[in-house]
Ligand SMILES: [Ca+2]
Ligand SMILES: [Ca+2]
Ligand SMILES: [Ca+2]
Ligand SMILES: [Ca+2]
């Protein structure tokens, strides 16, 4: 007897559904948040960013009003919403344009992050509760996003190349290790920039691809001599990747016998990153640092070859990673 009841129970249920469909299907409408994405995939500080929430509607009757689909609660202190025509639901249901069961739509929030770091957002559809739903607990999503800023270092998980995010919101490649270390101090386990520890953030391929690529980073001006792989000529670097030919004798007189230890070799493919500009190089006090770098990069005196008076010349201090000003 017992086994018969089990077998027939689903039949009774089907019969009940057939006879009283309005009872069993009442209040079955549901909006559910399925996922959230960012455009660009890797948000940067002060960059216009879209937060796109993907939502599904299910229910035995279609939605004929936009009051619930266009009611999304969003708040985060570090995200400033921008008034934009794109803000809102991608559908606008009405009696003549109903939203059918099983339909996906998106709700877009446009704005910008005003601070970097890890942010946890909170997004809730139908926050005003204008739709009576079968499940009120699947309306909220709380995505986590790492917002990057100018000055951040990034890399891909399976690639050693390191990029710097600059104020132009683009990623710029350090073409090799010695170029990277012309700006930084310490070692790979503890990288320092201007005395502070810096970290290289590993980001996903999708995030990486969403950041535009800018020009490659040249060796820090005044801090090294460079040569190209295909030639033995030696150059001094000044300004923004400008170079000037320098003789071995001049290198020896500026930096002493150890000058060869500080020559960075640039691979052939990156030769075009540098601009030959001998005529632009002015070094009024003959300390090896160009006037423009003394003014704009090192804040030393372009008319005094030993700005901090410690008996070491400005150019030599920069070349051997000491401070020319303290
Ligand atoms: Ca729901
Ligand atoms: Ca100088
Ligand atoms: Ca000087
Ligand atoms: Ca000095």
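In our numbering, the protein residues as written are 534 to 859. Think of the CB as a built atom: it goes at the ideal place given N, C-alpha and C, for glycine as much as any other residue.
Practice task
Report the rounded CA-to-CA distance for residue 819 versus residue 792, giving the unit in angstroms.
Solution key: Their Cα atoms are separated by approximately 17 angstroms.
Practice task
May I have the straight-line CA-CA distance separating residue 589 from residue 600, to the nearest angstrom?
Solution key: Their backbone Cα atoms lie some 15 angstroms apart in a straight line.
Practice task
State the beta-bridge partners of residue 822 as determined by DSSP.
Solution key: For residue 822, DSSP assigns no beta-bridge partner whatsoever.
Practice task
Using the Cα positions of residue 670 and residue 696, report the straight-line distance between them to the nearest angstrom.
Solution key: Cα to Cα, residue 670 sits roughly 42 angstroms from residue 696.
Exercise for the section: With a 10 Å radius around its C-beta and 16 neighbouring C-beta atoms as the bar for buried, classify residue 849 as buried or exposed. Expected result: Residue environment for residue 849: buried (at least 16 other C-beta atoms within 10 angstroms of its C-beta).
Exercise for the section: Per DSSP, which residues does residue 644 bridge with? Please list them. Expected result: In the DSSP assignment, the residues bridged to residue 644 are 582 and 614.
Handout entry: Cutoff 8 angstroms; reference residue 741; Cβ partners in own chain excluding five residues on either side
Key = 575, 687, 689 and 704, listed in sequence order.
Handout entry: Rounded C-alpha distance that separates residue 856 from residue 835
Key = Taking the straight line from one Cα to the other gives about 15 angstroms.
Practice task
For residue 848, verify whether its CB is less than 8 angstroms away from any heavy atom of ligand 2.
Solution key: Yes, the Cβ of residue 848 comes within 8 angstroms of a heavy atom of ligand 2.
Practice task
Could you check what DSSP says for residue 723 in three-state terms: helix, strand or coil?
Solution key: When DSSP states are grouped into helix, strand and coil, residue 723 belongs to the strand group.
Handout entry: Collapsed DSSP secondary structure at residue 716 in the structure displayed
Key = Three-state result, residue 716: coil.
Problem - Through-space distance from residue 620 to residue 592, alpha-carbon basis - result: In this structure, the straight-line span from the alpha carbon of residue 592 to that of residue 620 is close to 25 angstroms.
Exercise for the section: Between the Cα of residue 760 and those of 725, 749, 636 and 800, spot the shortest distance and give me the residue it belongs to. Expected result: Ranking the options by Cα distance to residue 760, first place goes to 800.
Practice task
Any chance you could list the beta strand (DSSP E) runs of at least 3 consecutive residues sitting entirely within the segment 731-790, in chain order?
Solution key: DSSP runs (the beta strand (DSSP E)) wholly in the segment 731-790: 733-735, 758-761, 768-771 and 775-778.
Practice task
Output the distance between the C-alpha atoms of residue 812 and residue 771, rounded to the nearest integer angstrom.
Solution key: C-alpha separation (whole angstroms): 12 angstroms.
Exercise for the section: Pull up the distance between the alpha-carbon of residue 679 and that of residue 737, whole angstroms please. Expected result: For residue 679 and residue 737, the distance between alpha carbons rounds to 11 angstroms.
Practice task
In angstroms with no decimal places, state the Cα-to-Cα distance between residue 629 and residue 596.
Solution key: A straight-line Cα-Cα distance of about 11 angstroms links residue 629 and residue 596.
Exercise for the section: Enumerate in chain order the residues of its own chain whose CB-to-CB distance from residue 668 is below 8 angstroms, with the five nearest sequence positions on each side excluded. Expected result: The beta carbon of residue 668 sits closer than 8 angstroms to those of 563 and 565, all from its chain and outside the five residues before and after it, given in chain order.
Practice task
Decide if the segment 607-619 is in contact with the segment 742-758; the criterion is three or more beta carbon pairs, one per stretch, under 8 angstroms apart.
Solution key: Segment contact: the segment 607-619 against the segment 742-758, fewer than three CB-CB distances shorter than 8 angstroms; contact not assigned.
Practice task
Flag this pair as touching only if the segment 778-785 and the segment 751-768 have three or more C-beta atom pairs under 8 angstroms; answer yes or no.
Solution key: Between the segment 778-785 and the segment 751-768 there are three or more C-beta pairs closer than 8 angstroms, enough to call the two in contact.
Exercise for the section: Please name the residue in 816, 631 and 702 whose C-alpha comes closest to that of residue 594. Expected result: Ranking 816, 631 and 702 by Cα distance to residue 594 puts 631 first.
Problem - Proximity below 9 angstroms, CB of residue 847 to CB of residue 837 - result: Contact flag set, yes.
Handout entry: Closer than 8 angstroms: residue 845 CB and nearest ligand 4 heavy atom
Key = Yes, Cβ of residue 845 sits closer than 8 angstroms to a heavy atom of ligand 4.
Problem - residue 602, enclosing beta strand (DSSP E) - first and last residue - result: For residue 602, there is no enclosing beta strand (DSSP E), as DSSP gives it neither H nor E.
Exercise for the section: Look at the alpha carbon of residue 852 and the alpha carbon of residue 841, and state the distance between them as a whole number of angstroms. Expected result: Rounded to whole angstroms, residue 852 to residue 841 spans 15 angstroms at the Cα level.
Exercise for the section: Whole angstroms is fine: what's the gap from residue 702's alpha carbon to residue 682's? Expected result: In a straight line, the C-alpha of residue 702 is about 8 angstroms away from that of residue 682.
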